[in-house]
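A short write-up of the structure that comes next.
2 protein chains.
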Amino acid sequence: MSHVAAESESTDAAPPAAAEKPVEQKKKRGRPSRIDLDTIVGIARRILQEEGVAALSMRRVAKEVGTTPMALYHHVRDKDELLMLTLSGTADSVPRPELPDDPRDRLLAVSLHMHGTLARMPWVVEVLSLGDLTDKGALWMVEEIIDSCMTCGLTPAEAVAAYRTIWHCVYGDLVFRQAMARRAEEPDRRRHFPGMLTDADAEELPHMTALAGRWLELTADYDVAKQLGAVIDGLLGQARRP
Amino acid sequence: MSHVAAESESTDAAPPAAAEKPVEQKKKRGRPSRIDLDTIVGIARRILQEEGVAALSMRRVAKEVGTTPMALYHHVRDKDELLMLTLSGTADSVPRPELPDDPRDRLLAVSLHMHGTLARMPWVVEVLSLGDLTDKGALWMVEEIIDSCMTCGLTPAEAVAAYRTIWHCVYGDLVFRQAMARRAEEPDRRRHFPGMLTDADAEELPHMTALAGRWLELTADYDVAKQLGAVIDGLLGQARRP
DNA sequence: ACCTGAACACCGTTCAAGT
DNA sequence: ACCTGAACACCGTTCAAGT
Chain A
71 MSHVAAESES TDAAPPAAAE KPVEQKKKRG RPSRIDLDTI VGIARRILQE
121 EGVAALSMRR VAKEVGTTPM ALYHHVRDKD ELLMLTLSGT ADSVPRPELP
171 DDPRDRLLAV SLHMHGTLAR MPWVVEVLSL GDLTDKGALW MVEEIIDSCM
221 TCGLTPAEAV AAYRTIWHCV YGDLVFRQAM ARRAEEPDRR RHFPGMLTDA
271 DAEELPHMTA LAGRWLELTA DYDVAKQLGA VIDGLLGQAR RP
Chain B
71 MSHVAAESES TDAAPPAAAE KPVEQKKKRG RPSRIDLDTI VGIARRILQE
121 EGVAALSMRR VAKEVGTTPM ALYHHVRDKD ELLMLTLSGT ADSVPRPELP
171 DDPRDRLLAV SLHMHGTLAR MPWVVEVLSL GDLTDKGALW MVEEIIDSCM
221 TCGLTPAEAV AAYRTIWHCV YGDLVFRQAM ARRAEEPDRR RHFPGMLTDA
271 DAEELPHMTA LAGRWLELTA DYDVAKQLGA VIDGLLGQAR RP
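Taken in sequence, the protein lines are chains A and B. Read the first sequence against this note's numbering and you will find it ends at 312, with the numbers running on by one and no gaps. Read the second sequence against this note's numbering and you will find it ends at 312, with the numbers running on by one and no gaps.
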């Protein structure tokens, strides 16, 4: 159940690229610590994976590590820092895909790879909402997107903006899907869009009342690849008419 | 300071369209309630406006209303329901803008109106992340977007998908801006992207290392209107090649 | 240097009792 | 019908003390 966490954990702990670690190299002086950052972060990551951010508390992590809550604060400044640390290394656990050579296809492929990867790690999306990207291993995707955009004729500034727009589409879709999944779990029928329309609204909102019956179907049919394709076309279109 | 809340509050409480209220019409039998839903929701809205979702607790609302926390549960099922209720009526507090006739311009104008409105109500964005749209007064924008898309030749299904993509761009940008604003407040220098790159990364990430120095500037220059324009071009482009 | 215990100032929500 | 009080099972974090 927790072998995915264990894997990325060992990736973190692997000594070769130790210079990359943000924590300063500690000489082993004084009392040797009985718990180390890597196990703390690993356990936190497992909790996030299995139960999401809402389930992660310092007290819970401490219990699973086998210490007091306060022992954690000796290794980590606060809960936020712990959350950020769970992110680093996760990108490296996903194999880098073959990418097409055509820059437009490449752009779409990388964007979809981002989307697909994160769709399988919903907790990462949740944590990303709270802070920014701290996982260096994910930057190759940004680089690829910017590079492809520039190959298609965008200026560096336009390429960076295009990256951000693509990211908004990817992130927005993931958040939307998660909200839907959460709502599906609750048997609780809070009324959302289609339910709150009556025939009386047909005049003001003709399309929406007409589509209300098909809304669930239409929502389910949303095709990220197709939409991202269209967005990319639009973004690259900037190059042709300056 | 709280007059915006007060306004939408009175909008809520206005009797004419009472049939719209989700709560069932209560006959005034039994002990008359000393606190009513509208004041609870109004106070919650003010707290959200002034201090954000993190500051909103049932206990806090109770204190400001002048009751015990548990009295609230007689008017509201749980905190989540209270949050959803704060949303309803907010859209009506914003005047509806004049819109251009050309459907493409109209599409962009409505999208920017959504963005601009929500940019001024950050708490709404925060609450929206937790649930779905419950404010009927906001649906005219969705209707306009779908209508314009269809006028441009999209099928209803494509129009709904296009709406969602536009929403992702709007929402994604707002979330991004809020995260940036929050980060700017903390003097705390957690290292985010540009700081974590060294010269050693120039080989793997040439564009990003080259742009690292300009990153803040480039981020600040992000032009939502321009990007949404490009996205809309791409989405409408679907119509021409079926 | 590393860990512990007790404490502070909070949470959302349930439940039994009051008027 | 509406409200209260006490209680349950939690939070993140500080602080003084232990080894």
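Every residue gets a Cβ at the ideal spot worked out from N, C-alpha and C, and that includes glycine.
query                                                                                                                 : result
Best match in B/MET184, B/LEU275 and B/ARG247 for proximity to A/GLU214 [C-alpha to C-alpha]                          : B/LEU275
DSSP-derived helix/strand/coil call for A/ASP148                                                                      : coil
Backbone CA spacing between A/GLY327 and B/CYS239 [nearest angstrom]                                                  : The question about residue 327 of chain A has no answer here: the residues shown for chain A are numbered 71 through 312.
Exposure label - B/ALA231; buried when at least 16 CB within 10 Å                                                     : buried
Chain A within 7 Å of B/HIS185, Cβ atoms only                                                                         : no
A/GLY223 (DSSP reduced to helix, strand or coil)                                                                      : coil
At least 3 beta-carbon pairs within less than 8 Å: the stretch 139–159 of chain B vs the stretch 172–192 of chain B   : no
Cross-chain neighbours of A/ALA227 in chain B, by beta carbon under 7 Å                                               : LEU288 and ASP291
Exposed unless 16 or more other CB atoms sit within 10 angstroms - verdict on A/GLY265                                : exposed
Backbone secondary structure at A/TYR233 - three-state DSSP                                                           : helix
Contact set between B/ALA231 and chain A, taken where Cβ atoms lie within less than 8 Å                               : LEU288, ASP291, TYR292, ASP293, LYS296 and GLN297
Buried/exposed call for A/GLN95, threshold 16 Cβ in 10 Å                                                              : Interpretation of A/GLN95 is limited by its pLDDT of 38, a score under 50 that renders its predicted location unreliable; the figure taken from the coordinates is listed afterwards. Result: exposed.
Buried or exposed (CB count within 10 angstroms, at least 16 for buried), A/LEU286                                    : exposed
Nonlocal neighbours in the same chain, by C-beta distance under 8 Å from B/ALA249, ignoring five residues either side : none
is_contact[B/TYR241, chain A] using C-beta, thresh 7 Å                                                                : yes
Whole runs of the beta strand (DSSP E) within the stretch 117–146 of chain B, excluding any shorter than 3 residues   : none
Endpoints, alpha helix (DSSP H) assigned at A/PRO313                                                                  : Residue 313 of chain A lies beyond the range of chain A shown here (71 to 312); nothing can be said about it.
Status (buried if at least 16 other CB within 10 Å, exposed otherwise) for A/MET154                                   : buried
For B/THR160 and B/GLN119, the rounded distance between their alpha carbons                                           : 11 Å
B/MET278: first and last residue of the uninterrupted alpha helix (DSSP H) it sits in                                 : 276–281
Short CB-CB distance (under 7 Å) between A/ILE216 and chain B                                                         : yes
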